[in-house]
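Accompanying notes for the structure given below.
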Amino acid sequence: DITPGPKISKKIGLLGAVANLAVGIGPLLAGQLLIVGWRYLYVIFVVITVVGFIIIFSLKRTQPKTRSEMEIREFFSHLGIELRRPVVLLLILSAFLVSHTSIAAIIWTSRSFTHVIPESISGVVLLLFGIMGFISANIAGITIKKKGIKLTLSIALISLIIADIILVIFGDNSFEALTLTTTGLIFMGFAGGLLFTSLMYYSQTLSQERRGALAGLTTAGQFIGIAFVTITLEPFFNYGGISLVYGAILVISLILIIVVTIL
1072 DITPGPKISK
1082 KIGLLGAVAN
1092 LAVGIGPLLA
1102 GQLLIVGWRY
1112 LYVIFVVITV
1122 VGFIIIFSLK
1132 RTQPKTRSEM
1142 EIREFFSHLG
1152 IELRRPVVLL
1162 LILSAFLVSH
1172 TSIAAIIWTS
1182 RSFTHVIPES
1192 ISGVVLLLFG
1202 IMGFISANIA
1212 GITIKKKGIK
1222 LTLSIALISL
1232 IIADIILVIF
1242 GDNSFEALTL
1252 TTTGLIFMGF
1262 AGGLLFTSLM
1272 YYSQTLSQER
1282 RGALAGLTTA
1292 GQFIGIAFVT
1302 ITLEPFFNYG
1312 GISLVYGAIL
1322 VISLILIIVV
1332 TIL
């Protein structure tokens, strides 16, 4: 809301970069903390929450004062209006499906590595995923501004399919396949950063008056998808292991391509 239109792509790119980097760093730090004691995780959560509130309120005080007459009822009215638009429903579905590609791949790979690949090595793999997402999200912010969102989405979907093919053919939780599995996840992280940034930017172009509601709906679609990742892909993992999960992610990626094309 405080960002001028021409600068939105750059800000969204930075947002996506930080979010994707956290996906890699979070599990890495959590794995090290678990060695010391799992209760320390909750201490870290409290610290992050307190620091987050301090930063948010500090930044709010530095911004120009703006007057808004919007009430809660009007906010929910905006949500209702947007949810009746087919393009917004497709956008939410796209965000949901994105969480079942890149995020699902890293979640289930990490789970399959448990008791098979040492924590130190799996942590590096997760970190590489996050770094690639950080890089690609920044690239997306610049590319969208200069070349438009279509090129960015095309690169994202091509990277996604390359990642899926590598993981389906070579991906496994064994030491022998670790290099190729890591390569697939690097492509997956790259695709995830581009997709997250592109969808968030696109949400901001659909309505000047309801940008906040659209960003919230897009984010909600992704986080609901993340919450369901362990449920929807559990049967595949139990039946055929991580290889079958990668196959399911490939099918979801193809559905995502169809939805984004319609979008």
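For the sequence shown, my numbering assigns the number 1334 to the last residue and increments by one with no breaks.
We put the CB at the ideal spot given by N, CA and C, even for glycine.
**Assigned secondary structure, Val1187 (DSSP; H/G/I helix, E/B strand, else coil)** = On the sequence shown, position 116 is the one that residue 1187 refers to. Coil, per DSSP.
**Request:** Taking the CB atoms as reference points, tell me whether Gln1196 and Thr1253 lie closer together than 8 Å.
**Result:** The count along the sequence shown starts at 1 and reaches residue 1196 at position 125. The count along the sequence shown starts at 1 and reaches residue 1253 at position 182. Per the sequence shown, residue 1196 should be read as Val rather than Gln. Yes, Cβ-Cβ distance for Val1196 and Thr1253 is below 8 Å.
**Prompt:** By Cβ distance below 6 Å, which residues in the same chain neighbour Gly1260 in space, the five residues on each side in sequence not counted?
**Reply:** As a working note, residue 1260 is residue 189 in the sequence shown. If we look at Gly1260 and ignore the five residues flanking it on each side, its Cβ neighbours are Phe1200, Met1203 and Gly1204.
**Whole-angstrom C-beta distance between Ala1319 and Leu1304, which should lie under 8 Å** = Taking the sequence shown and counting its residues from 1, the one referred to as residue 1304 is at position 233. Taking the sequence shown and counting its residues from 1, the one referred to as residue 1319 is at position 248. Right, their Cβ atoms sit about 6 Å apart.
**Prompt:** If we ignore side chains and look at the alpha-carbon of each, how far apart do Ile1328 and Leu1162 end up?
**Reply:** Numbered from its first residue, the sequence shown carries residue 1328 at position 257. Numbered from its first residue, the sequence shown carries residue 1162 at position 91. If I take the Cα positions, the gap works out to 12 Å.
**Asked** Count the other CB atoms within 10 Å of the CB of Ser1344; is the residue buried (16 or more) or exposed (fewer)?
**Response** Because the chain here runs from 1072 to 1334, residue 1344 falls outside it and cannot be looked at.
**Item:** For Glu1247, the nearest candidate out of Val1114, Leu1222, Phe1184 and Ser1269 (CA to CA)
**Value:** Looking up residue 1247 in the sequence shown gives position 176. Of Val1114, Leu1222, Phe1184 and Ser1269, the residue nearest in Cα terms is Phe1184.
**Message:** At the level of alpha carbons, what is the spacing between Val1316 and Lys1218?
**Reply:** One-based indexing of the sequence shown puts residue 1316 at position 245. One-based indexing of the sequence shown puts residue 1218 at position 147. Their Cα atoms are separated by approximately 35 Å.
**Message:** When you compare the segment 1284 to 1296 with the segment 1152 to 1167, are there three or more beta-carbon pairs, one atom per stretch, that lie closer than 8 Å?
**Reply:** yes
**Prompt:** How would you label Gly1255, buried or exposed, when you count the other beta carbons within 10 angstroms and need 16 or more for buried?
**Reply:** Along the sequence shown, one-based indexing puts residue 1255 at 184. It is buried - the Cβ of Gly1255 has at least 16 other Cβ atoms within 10 Å.
**Asked** Is it the case that the CB of Leu1099 approaches a heavy atom of the ligand ZN more closely than 7 Å?
**Response** No copy of the ligand ZN appears in this structure; indeed no ligand is present at all.
**Prompt:** Can you give the beta carbon distance from Ala1284 to His1149, rounded, assuming they're within the 8 Å contact cut?
**Reply:** Here residue 1284 is taken as the residue at index 213 of the sequence shown, counted from 1. Here residue 1149 is taken as the residue at index 78 of the sequence shown, counted from 1. 4 Å between Cβ atoms; contact.
**Prompt:** Run through DSSP, which three-state label would Ser1364 get?
**Reply:** Since the first residue of the chain shown is 1072 and the last is 1334, residue 1364 is not available in this structure.
**Request:** State the Cα-Cα distance for the pair Ser1193 and Ile1206, rounded to the nearest angstrom.
**Result:** Along the sequence shown, read from residue 1 onward, the residue named residue 1193 stands at position 122. Along the sequence shown, read from residue 1 onward, the residue named residue 1206 stands at position 135. If I take the Cα positions, the gap works out to 20 Å.
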